[in-house]
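Each residue of the sequence shown is one higher than the one before, counting from 2 in this note's numbering.
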Amino acid sequence: MTRQPHDQFAKEYLQELLTSLGNAETGKDVKSEVREIDVWFVPNNSNPSDKLELELLAKMAVTSCLFEPFRNAPSEIEIRSCLLKLYTVHSDLLRQAKREKRSISEGQLPYLWILTPSCSVRMLNGFSAQLQNSPSWGEGVYFLPEFLKTAIVAINQLPTSPDTLWLRVLGKGKTQKQAVEELVKLSEDTEKWDHLLEILASWRKNIEVTDNVNDEERELIMNLSPAYLKQREEWRQEGLQAGRQEGRQEGSLDGQRLMVVSLLTGRFGAIDEKLSAIITPIMELSLPERTDLLLNLSNISREELLARFGS
């Protein structure tokens, strides 16, 4: 299974959750030959209630940090690559502080959180990662030696509780399935988490429209189905409501356009000039028509779409 759909989902998902606590930036570049950071987070003076809602994730986000989520358990090389990103950021911050003639303490240097659906005993032992004897951190959170400023979160080992919900959504198999069901149930009482469901539903749709879906992807589609079905109904209701109104709310157009781009990318790969040219005609459809088109995109070929909307 390619990492691309999961990477896009995980970055959007963590960014959405962490925004209430500070500045969450995805795809941040670092110098040298190191690849980009998945999620770079800097906390702010957030509302205490936001921290309570995000529970374990909020505990991780009390200081500046890097989040590196993996769809499959990372190899030794991938973990070392994450460490290299962290220490490159440390070096950049120390150089910047030196240029500005100010000091930076050890506590101000960012932390690294590696989020993995599982982690073998061999891997944990190899990096000397251990559970911390503290009430603040329970099962599943393994800390590397103190000065490495890194922890590995084995999501399948986290306790099944509201405290760990937001991280368990990033797991696999039964762990993820149960977490998605909990999130859908939670969203029935408040609209606060609707955008998270939209991100989950878009991830499912992007996987569904790809060719040659494998067994793992089929399982993932099933795991995400509760979120997708709830979001699909909301899309339909939104379309029906908008169809009875004159005009559209401008505030929602940017998000709707991004969704069109995301679904076209998932269905056909990179957006070339021809596909880019039909985005505006698709956006000019009434919302009910556009919703039906996007929900049935997997049954429409590129040629049919270009013939319908191309100039």
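Backbone N, C-alpha and C fix where the C-beta goes; we use that ideal spot for every residue, glycine too.
Would residue i be called buried (16 or more neighbouring beta carbons within 10 Å of its own) or exposed?
i, result
"T281", "exposed"
"L18", "buried"
"S162", "exposed"
"V261", "buried"
"L264", "buried"
"E199", "buried"
"A308", "exposed"
"G108", "exposed"
"P75", "buried"
"Q97", "exposed"
"F10", "buried"
"F148", "exposed"
"K102", "exposed"
"K206", "buried"
Report yes if the C-beta distance between residue i and residue j is below 9 angstroms; otherwise report no.
i, j, result
"W204", "L57", "no"
"D208", "T176", "Residue 208 is actually Ile in this sequence, not Asp. No, these two residues do not count as a Cβ contact at 9 angstroms."
"E192", "G127", "no"
"K52", "E69", "no"
"L67", "D39", "yes"
"K60", "P111", "no"
"Y314", "L197", "Since the first residue of the chain shown is 2 and the last is 312, residue 314 is not available in this structure."
"N73", "P118", "yes"
"I105", "L95", "yes"
"N45", "N24", "yes"
"G311", "A278", "yes"
For residue i, collect the residues of the same chain with a Cβ closer than 6 angstroms to its Cβ; drop the 5 residues on either side in sequence, then sort them by chain order.
i, result
"I153", "I115, C120, A130 and Y143"
"Q133", "F144"
"L295", "L264"
"L125", "Y143"
"T27", "K12, Q16 and V40"
"D164", "E56 and L57"
What is the DSSP secondary structure of residue i, reduced to helix, strand or coil?
i, result
"T266", "helix"
"Q158", "helix"
"T165", "helix"
"E26", "strand"
"T89", "helix"
"L286", "coil"
"C66", "strand"
"D216", "helix"
"L113", "strand"
"L18", "helix"
"F71", "coil"
"V122", "helix"
"Q133", "coil"
"W194", "coil"
"I301", "coil"
"I78", "helix"
"A278", "helix"
"I153", "strand"
"P44", "strand"
"I272", "coil"
"F144", "strand"
"I105", "coil"
Suppose the cutoff is 7 angstroms on Cβ atoms and the five residues either side in sequence are ignored; what does the same chain contact list for residue i look like?
i, result
"V181", "V170, L201, N224, L225, P227 and A228"
"K29", "E37, I38 and W41"
"L221", "I208"
"R293", "Sequence inspection shows Asp at residue 293; the Arg mentioned does not correspond to that position. Same-chain partners within the cutoff: there are none."
"G172", "P118, I156, N157 and A180"
"L276", "L265 and F269"
"R43", "A small fix is needed here, since residue 43 is Val in this sequence, not Arg. The residues are G23, N24 and S65."
"H91", "L110"
"L306", "I279"
What do you reckon, is the C-beta of residue i under 8 angstroms from a heavy atom of the ligand ZN?
i, result
"T176", "Of the ligands one can find in the structure shown there are none, so the ligand ZN has no counterpart to examine."
Given residue i, which residues of its chain have a CB within under 8 angstroms of its CB, disregarding the five upstream and five downstream residues?
i, result
"Q179", "T161 and R169"
"M284", "L254, Q257, R258, V261 and R291"
"W194", "L184, L187 and S188"
"E140", "L132, Q158, L159 and P160"
"V63", "P44"
Closest Cβ-Cβ distance between residue i and chain B: below 9 angstroms?
i, result
"L276", "The structure shown contains no chain B, having only a single protein chain."
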